[in-house]
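Residue numbers (the numbering used here): 264 to 422.
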Amino acid sequence: MRLIGKLIIAIQKKILICIARIGLLILGIITMNRLLLDAVIKLIITAVAPFLFIWGVNTLFNTGILLTFKTWLAGFVLIHIFSHYARSTRGRYPEEYEDEDEDEDEDEDEYEDEYEDEYEDEAYEEIPDDDQMKRSRKPLKVYQGRKNRKSDHPRKDKS
Numbered sequence: 264m265r266l267i268g269k270l271i272i273a274i275q276k277k278i279l280i281c282i283a284r285i286g287l288l289i290l291g292i293i294t295m296n297r298l299l300l301d302a303v304i305k306l307i308i309t310a311v312a313p314f315l316f317i318w319g320v321n322t323l324f325n326t327g328i329l330l331t332f333k334t335w336l337a338g339f340v341l342i343h344i345f346s347h348y349a350r351s352t353r354g355r356y357p358e359e360y361e362d363e364d365e366d367e368d369e370d371e372d373e374y375e376d377e378y379e380d381e382y383e384d385e386a387y388e389e390i391p392d393d394d395q396m397k398r399s400r401k402p403l404k405v406y407q408g409r410k411n412r413k414s415d416h417p418r419k420d421k422s
C-alpha cells in the first residue's frame, strides 16, 4: 500500500513538472509571437510611411510626384533623417544627464515638501472658542454698511 502511494505521488510530481514545462514553453512561444508581431508591425509602418509622406506632399502642394521605388526610398531617407534630428539630446546622450535627473527630482520633492508644510500649518490653526468669538464681535454701528465699509458721516434724515 505504501509503495503504491509513493508511486502515485512520484507520478503526480512528474505530471506537475511536465505541466510547468509546457506552460513555460507556451509562455515563451507567446512572447516570441508578440515580439514577432511587433517586428512585423514596425516593418509595415516603415514600408507604408514614405508612401503616406509622398501622398501628403502631393495632396497639400499638388505637386504630382509619382509613387515609384525612388520616391519611396527618398521619402524613407527623409523620414529617418527627420526622426534622427527630431530626437532630443537626452535621447542621444543619456549618460551625460544621469546625475541631473536625480538631482532635479530631489529638488522638486524638497520644494513640494516645504510648501505642503506651510499649507498644513495654515490649515490646522486653532479655531477660537465661542467665548473668544463673542468677545471679538462688536455690534455694527449705524453708519457701518454690510461690507464693513465705514462712511465718513452717519446718515441723517433730511427734514
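We put the CB at the ideal spot given by N, CA and C, even for glycine.
Just the Cα atoms here: how many angstroms apart are residue i and residue j?
i, j, result
"W318", "I289", "42 Å"
"A273", "R297", "36 Å"
"L330", "L299", "29 Å"
"I271", "I278", "10 Å"
"E321", "S346", "Residue identity check: residue 321 is Asn in the sequence provided, not Glu. Each residue's Cα considered, the two are about 21 Å apart."
"F332", "R350", "27 Å"
"D301", "I267", "51 Å"
"R265", "I282", "26 Å"
"L287", "Y348", "42 Å"
"I292", "K269", "35 Å"
"I285", "K276", "14 Å"
"F238", "K305", "Limits of the chain in this structure are 264 at one end and 422 at the other, which puts residue 238 out of reach."
"V303", "I280", "34 Å"
With distances taken from CA atoms, which of the options is nearest residue i?
i, options, result
"F314", "A337, A302, L298 and N325", "A337"
Who are the near neighbours of residue i in its chain, counting only those whose CB is closer than 7 Å to its CB and skipping five residues on each side?
i, result
"T334", "I317 and I328"
"S422", "Unreliable placement is indicated for S422, whose pLDDT of 49 sits below 50; the coordinate value is still reported in the next sentence. Nothing listed; no residue qualifies."
Could you tell me whether the Cβ atoms of residue i and residue j are closer together than 9 Å?
i, j, result
"T294", "F339", "no"
"I344", "A312", "no"
Kindly list the residues whose CB is nearer than 8 Å to the CB of residue i, restricted to its own chain and excluding five residues on each side of it in sequence; keep chain order.
i, result
"T326", "V320"
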